[in-house]
Ligand SMILES: [Zn+2]
Ligand SMILES: [Zn+2]
């Protein structure tokens with residue numbers, strides 16, 4: 317039933333030919349001013365109800381037409397009943413005015429949960445290969461030891477918050493043409509704790525939490541990649557009373573190792589041979605993730621040749637197996653020769669024939685392709 321005899325256009329303060337958008341804007345403006353949660357005016361509730369009703373009628377073409385032609389009587393005979401409005405359509409509008417609490421309720425546990433925090437830890441590539449445990453320092457809000465988190469000086473009294481009677485939340489029931497709805501908000505007096513502290517704790521000044529530098533051993537799994545984060549559940553900032561602590565996200569930075577280049581789970585290294593070593597063959601010490609190792613390079617090793625050490629790369633994170641280590645052979649050709657050296661090389665060249673430089677199967681290009689798959 318239409319419950320007011322006031323003119324709907326006058327109630328909203330708009331002209332009779334106002335557009336839909338103008339009507340909506342006027343309604344939003346008035347609803348904000350008149351909502352009983354906000355307004356102290358004694359007639360706010362009554363006016364709010366009228367404004368909502370006016371908006372219900374004027375926001376829909378069907379009822380607006382009826383009202384324009386026949387006034388309130390037209391609506392009554394047309395069977396219009398205020399309060400039959402589709403609430404879903406207005407949900408957005410309502411949360412815009414009053415916050416989502418009106419419609420969805422707040423989740424206390426979420427609010428009380430402590431914040432997450434971030435920390436970083438830097439490790440070497442070799443440590444990343446084998447896994448390592450590192451003490452990671454960070455500043456976290458922790459429960460105050462002096463007051464046990466309740467914020468009150470030990471021995472002092474804690475009483476019930478008079479504003480919310482200890483619930484921590486304020487509920488306001490509003491009756492409107494939509495029916496009754498309940499608005500809930502955190503009590504501003506006690507910030508949701510429901511208690512009143514007569515004498516705040518000296519240590520935390522009533523906050524119940526203090527900032528503490530903590531160190532926590534972080535287990536970094538073998539095979540971790542640069543920039544990956546490890547979550548330490550419940551090690552973040554302490555929650556408000558009763559809330560659980562947040563998490564710590566430790567970002568792992570891997571210091572570049574000048575001996576290796578990592579690509580995924582494979583690592584690359586280079587080895588330098590002089591041209592005589594390459595020709596005669598040479599056993600060289602090469603760096604691996606497991607320490608130095610001897611590598612035998614046969615006579616006739618070519619520049620650009622790649623030696624693959626299967627399963628000697630980085631471990632595959634959280635799985636079995638390891639990548640490969642690939643060693644690129646670089647051959648140094650002399651840049652500066654003295655007369656004697658030049659003479660010996662010429663002499664050598666005179667003894668060289670086709671067989672001396674015979675090509676092996678699979679040239680350099682094929683090897684490069686297979687190395688970089
Ligand atoms: Zn305290
Ligand atoms: Zn309170």
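In the numbering used here, the protein residues as written are 317 to 689.
Note that the Cβ used here is the ideal one computed from N, Cα and C, for glycine as well.
Closest Cα partner of residue i within the set the options
i: residue 341; options: 359, 374 and 358; result: 374
i: residue 676; options: 616, 433 and 434; result: 616
i: residue 693; options: 564, 584, 566 and 563; result: Absent from the structure is residue 693, since the part of the chain shown begins at 317 and ends at 689.
i: residue 600; options: 592, 613, 591 and 607; result: 613
i: residue 457; options: 548, 621 and 527; result: 527
i: residue 608; options: 371, 575 and 591; result: 575
i: residue 529; options: 468, 455, 597 and 586; result: 455
i: residue 548; options: 618, 603, 505 and 432; result: 432
i: residue 620; options: 597, 628, 351 and 645; result: 645
i: residue 605; options: 486, 469 and 443; result: 443
i: residue 556; options: 430, 500, 665 and 544; result: 430
i: residue 551; options: 669, 534 and 485; result: 534
i: residue 543; options: 642, 348, 665 and 435; result: 435
Outcome for residue i when other beta-carbon atoms lying within 10 angstroms are tallied against a minimum of 16
i: residue 383; result: buried
i: residue 328; result: buried
i: residue 498; result: exposed
i: residue 402; result: Reliability fails at residue 402, whose pLDDT of 42 lies under 50, so the model's placement of it is uncertain and the value that follows must be treated cautiously. Residue 402 comes out exposed.
i: residue 379; result: buried
i: residue 653; result: exposed
i: residue 659; result: exposed
i: residue 369; result: buried
i: residue 508; result: buried
i: residue 663; result: exposed
i: residue 661; result: exposed
i: residue 324; result: buried
i: residue 541; result: exposed
i: residue 359; result: exposed
i: residue 636; result: exposed
i: residue 466; result: buried
Simplified DSSP assignment, three categories, for residue i
i: residue 478; result: coil
i: residue 487; result: strand
i: residue 433; result: strand
i: residue 549; result: coil
i: residue 604; result: strand
i: residue 686; result: helix
i: residue 666; result: helix
i: residue 351; result: coil
i: residue 329; result: coil
i: residue 361; result: helix
i: residue 454; result: strand
i: residue 343; result: helix
i: residue 369; result: helix
i: residue 569; result: strand
i: residue 320; result: coil
i: residue 618; result: coil
Distance between beta carbons of residue j and residue i, contact taken as under 8 Å
i: residue 588; j: residue 633; result: Their Cβ separation, rounded to whole angstroms, is 32 Å, which puts residue 588 and residue 633 out of contact at 8 Å.
i: residue 510; j: residue 477; result: 5 Å
i: residue 630; j: residue 563; result: That belief does not hold up - the Cβ atoms of residue 630 and residue 563 are roughly 27 Å apart, past 8 Å.
i: residue 472; j: residue 518; result: Contact flag wrong, Cβ pair sits at about 10 Å.
i: residue 705; j: residue 460; result: The question about residue 705 has no answer, for the chain in this structure spans 317 to 689.
i: residue 452; j: residue 566; result: 6 Å
i: residue 651; j: residue 640; result: In fact, because the Cβ distance is near 33 Å, the residues do not count as touching under 8 Å.
i: residue 330; j: residue 346; result: Actually they do not touch by this definition, with Cβ atoms about 10 Å apart.
i: residue 439; j: residue 570; result: 6 Å
How would the residue list near ligand 2 read, in chain order, if you kept each one whose beta-carbon is closer than 5 Å to any heavy atom?
477, 479, 480, 503, 505 and 506
Exercise answer, beta-carbon shell around ligand 1 heavy atoms below 5 Å:
460, 462, 463, 517, 519 and 520
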